[in-house]
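A.B. asks: Residue numbers (our numbering): 142 to 637. Below is one structure. I have some questions about it.
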Ligand code: SF4
Ligand code: SF4
């Protein structure tokens with residue numbers, strides 16, 4: 142256990158007494174040159190870094206009109222101040238969304254507004270200095286880009302966009318984050334965040350075939366690089382690696398088997414995650430997304446389905462066509478892309494697959510809405526489908542489902558505390574403290590409904606909860622994949 146105090150669980154969301162700068166020490170490891178270079182970023186601060194940063198900010202203001210609007214439109218109404226899980230968990234006022242935004246806004250005012258140029262003190266404009274850059278590095282890595290604050294802002298100011306822009310500027314001057322940039326480099330070199338090469342993937346998938354055969358007596362296939370399959374499944378590499386993710390992958394395979402639809406994974410596009418989003422780099426996001434297009438063309442598939450991964454679904458749903466389209470070579474009868482929950486939900490509705498809910502009677506389940514699915518995408522063809530469809534899949538797979546408090550789910554969901562490129566042990570204190578609102582909401586349903594498990598559809602959420610649940614007195618295996626519930630409930634022909 143690291144050296145900090147875990148906050149006490151609360152009955153309701155409580156606004157903490159302010160503790161100025163209490164998290165100013167929190168910052169992730171800085172990327173060295175070896176992790177910066179593959180992404181096209183300098184390895185360290187050059188003498189002219191300030192000019193480069195100010196020029197980059199100017200470019201972003203021109204190319205991202207929303208950023209310009211966000212810089213100019215805050216009226217300091219305060220509606221966002223108590224909406225961030227990192228503020229609620231740490232008490233540091235710089236983790237209030239508006240204060241975080243102001244770290245960039247004050248520099249913007251200094252260099253890109255007339256009052257800021259001539260009367261900086263009057264309008265709170267600040268020079269860009271190394272001290273300011275350090276503050277940026279610390280506090281823009283205390284934002285998981287979850288967008289909860291923007292839901293409550295009367296002007297719709299999106300702090301996540303401001304965080305992404307600032308990280309983009311920091312990368313441009315050679316102050317990137319090791320965790321995210323090293324991972325992106327691995328995707329470029331090997332194909333996935335975990336750096337699993339093709340033989341390791343093949344070995345893992347063969348092992349899973351054997352495990353499922355032992356459990357069920359059925360030959361359920363986990364195909365890799367299979368040309369001519371109907372569906373390409375792009376899933377987070379965590380699904381190949383460890384629990385609870387891998388149990389979700391087993392669930393997908395059983396669904397395809399039961400539905401009789403051919404599918405394949407790809408070693409070239411063996412990663413759904415796209416950390417280019419987290420660092421605000423369109424170029425890197427595009428490079429990662431192109432691997433999916435290349436794999437789909439190479440394998441000759443007709444459909445693309447994404448596995449359980451929150452921000453990957455945001456990139457897929459909102460940007461895939463722009464980044465790597467057009468996908469006019471796929472079957473036009475299906476959406477591009479489709480979410481695995483949408484796919485399974487449709488099969489359940491049409492009674493193509495059968496689930497026996499009683500097989501999950503030992504579980505009492507709640508559901509954590511992942512930020513990037515809840516607030517930055519949709520699922521299916523109905524408004525709010527991203528909230529309805531995963532819950533309907535869960536309810537079809539188990540008898541005991543209980544939602545957490547309404548102000549903590551759906552569009553108002555609290556981040557797990559590890560999203561946005563913060564799922565690294567050098568930020569463990571932040572991750573544990575930022576999980577407070579979600580852990581408090583979980584405690585409530587545990588007490589009221591004897592909930593035993595929290596299901597999720599995001600690899601980052603699942604990894605984060607596995608780590609932080611024990612800090613709050615829960616068990617790490619209380620977090621499960623939605624498709625693990627499906628996997629345990631699905632009725633396969635000939636099953637022993
Ligand atoms: S986007 Fe999320 S993490 Fe970032 S400031 Fe807003 S609420 Fe906090
Ligand atoms: S809610 Fe919006 S306008 Fe109000 S202080 Fe926050 S960012 Fe500014």
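Glycine is no exception: its CB is placed at the ideal position from the N, C-alpha and C atoms. Keep in mind it's a predicted model, so treat the numbers as computed, not measured.
So, is residue 238 buried or exposed, given that buried needs 16 or more other C-beta atoms within 10 angstroms?
C.D. replies: Within the chain shown, numbered from 1, the residue matching residue 238 stands at position 97. Counting Cβ neighbours within 10 Å, residue 238 comes out buried, since at least 16 surround it.
A.B. asks: Considering only C-alpha positions, which residue in the set 298, 289, 266 and 307 is nearest to residue 278?
C.D. replies: As a position in the chain shown, residue 278 is number 137, starting the count at 1. Closest option to residue 278, Cα to Cα, is 307.
A.B. asks: Can you round the beta-carbon distance between residue 507 and residue 595 to whole angstroms, since I take them to be within the 8 Å contact cut?
C.D. replies: Here residue 507 refers to the residue found at position 366 when the chain shown is read from its first residue. Here residue 595 refers to the residue found at position 454 when the chain shown is read from its first residue. Between residue 595 and residue 507 the Cβ distance is about 5 Å, and since that is below 8 Å, they are a contact.
A.B. asks: State the Cα-Cα distance for the pair residue 212 and residue 231, rounded to the nearest angstrom.
C.D. replies: Against the chain shown, residue 212 aligns to sequence position 71. Against the chain shown, residue 231 aligns to sequence position 90. If I take the Cα positions, the gap works out to 26 Å.
A.B. asks: Would you say residue 191 touches ligand 2, meaning its beta carbon is less than 8 Å from a heavy atom?
C.D. replies: Within the chain shown, the letter at position 50 stands for residue 191. No, Cβ of residue 191 sits at least 8 Å from all heavy atoms of ligand 2.
A.B. asks: Would you check whether ligand 2 has a heavy atom nearer than 8 Å to the C-beta of residue 222?
C.D. replies: Within the chain shown, numbered from 1, the residue matching residue 222 stands at position 81. Answer for residue 222: yes, Cβ within range of ligand 2.
A.B. asks: For residue 332, is the classification buried or exposed, using 16 other Cβ atoms within 10 angstroms of its Cβ as the cut-off for buried?
C.D. replies: Translated into the one-based positions of the chain shown, residue 332 becomes position 191. Flag for residue 332 reads buried.
A.B. asks: Within the present structure, is the beta-carbon of residue 265 separated from the nearest heavy atom of ligand 2 by less than 8 Å?
C.D. replies: Your numbering for residue 265 matches position 124 in the chain shown. It does not: the Cβ of residue 265 is nowhere closer than 8 Å to a heavy atom of ligand 2.
A.B. asks: Taking DSSP as the reference, what is the three-state secondary structure of residue 445?
C.D. replies: As a working note, residue 445 is residue 304 in the chain shown. Residue state, collapsed to three classes: strand.
A.B. asks: Here's the rule I'm using: 16 or more other beta-carbon atoms within 10 Å means buried, otherwise exposed. How should residue 354 be labelled?
C.D. replies: Counting from one through the chain shown, the residue named residue 354 turns up at place 213. Label assigned to residue 354: exposed.
A.B. asks: Helix, strand or coil for residue 372? Go by DSSP, reduced to three states.
C.D. replies: As a working mapping, residue 372 is identified with position 231 in the chain shown. Reduced to three states, the DSSP call for residue 372 is strand.
A.B. asks: Look at the Cβ atom of residue 407, then the Cβ atom of residue 372, and state whether they are nearer than 9 Å.
C.D. replies: Your numbering for residue 407 matches position 266 in the chain shown. Your numbering for residue 372 matches position 231 in the chain shown. For residue 407 and residue 372, no; Cβs fall outside 9 Å.
A.B. asks: Report back the beta-carbon spacing between residue 448 and residue 376 to the nearest angstrom; my notes put them in contact at under 8 Å.
C.D. replies: Numbered from 1 along the chain shown, position 307 holds the residue referred to as residue 448. Numbered from 1 along the chain shown, position 235 holds the residue referred to as residue 376. Right, the Cβ-Cβ distance comes to about 3 Å (below 8 Å), so this counts as a contact.
A.B. asks: From which residue to which residue does the alpha helix (DSSP H) around residue 270 run?
C.D. replies: What you label residue 270 is simply residue 129 of the chain shown in a count that begins at 1. That residue, residue 270, is in no alpha helix (DSSP H); it is neither H nor E in DSSP.
A.B. asks: Tell me which same chain residues have a C-beta within less than 8 Å of the C-beta of residue 176, skipping the five on either side of it?
C.D. replies: As a first step, residue 176 must be located in the chain shown, where it is residue number 35. Here the set comprises 317, 319, 322, 323 and 326.
A.B. asks: Tell me which residues share the same chain as residue 582 and place their Cβ nearer than 6 Å to its Cβ, disregarding the 5 neighbours each side in the sequence.
C.D. replies: Taking the chain shown and counting its residues from 1, the one referred to as residue 582 is at position 441. Taken in chain order, the residues that qualify are 545, 546 and 549.
A.B. asks: If distances are taken between C-alpha atoms only, which option among 348, 202, 576 and 462 comes closest to residue 434?
C.D. replies: By one-based count along the chain shown, residue 434 stands at place 293. Ranking the options by Cα distance to residue 434, first place goes to 462.
A.B. asks: Exposed or buried, which one is residue 142 when buried takes at least 16 other CB atoms within 10 Å?
C.D. replies: If you number the chain shown from 1, residue 142 lands on position 1. No answer about residue 142 holds up, because its pLDDT of 46 lies below 50 and its placement is not dependable.
A.B. asks: Who are residue 171's beta bridge partners in DSSP?
C.D. replies: Counting from one through the chain shown, the residue named residue 171 turns up at place 30. DSSP output for residue 171 lists 318 as bridge partner(s).
A.B. asks: Have a look at residue 362 and residue 394 and give me their C-alpha separation to the nearest angstrom.
C.D. replies: Residue 362 sits at position 221 when you count from the first residue of the chain shown. Residue 394 sits at position 253 when you count from the first residue of the chain shown. Roughly 7 Å between the two C-alpha positions.
A.B. asks: If you draw a straight line from the alpha carbon of residue 497 to that of residue 535, how long is it in whole angstroms?
C.D. replies: Within the chain shown, numbered from 1, the residue matching residue 497 stands at position 356. Within the chain shown, numbered from 1, the residue matching residue 535 stands at position 394. About 12 Å.
A.B. asks: For residue 506, report the span of its beta strand (DSSP E) as first-last.
C.D. replies: If you number the chain shown from 1, residue 506 lands on position 365. Its beta strand (DSSP E) spans residues 506 to 508.
A.B. asks: Helix or strand or just coil, what does DSSP make of residue 142?
C.D. replies: The residue you call residue 142 lines up with position 1 of the chain shown. The predicted model places residue 142 with a pLDDT of 46, which falls under 50 and marks its position as unreliable; any figure quoted below should be read in that light. Correct three-state label for residue 142: coil.
A.B. asks: In the DSSP assignment, find the alpha helix (DSSP H) that holds residue 604 and state where it starts and stops.
C.D. replies: Along the chain shown, read from residue 1 onward, the residue named residue 604 stands at position 463. Per DSSP, residue 604 belongs to the alpha helix (DSSP H) from 600 to 609.
A.B. asks: Determine contact between the stretch 463 to 473 and the stretch 376 to 393, defined as no fewer than three beta-carbon pairs at a distance below 8 Å.
C.D. replies: They do not touch, by the three-pair rule.
A.B. asks: Check each candidate in 261, 234 and 236 and name the one with the smallest Cα separation from residue 703.
C.D. replies: Outside the shown range of the chain (142 to 637) lies residue 703, about which nothing can therefore be said.
A.B. asks: State yes or no: is the beta carbon of residue 595 nearer than 9 Å to at least one beta carbon in chain D?
C.D. replies: The structure shown contains no chain D; it holds only a single protein chain.
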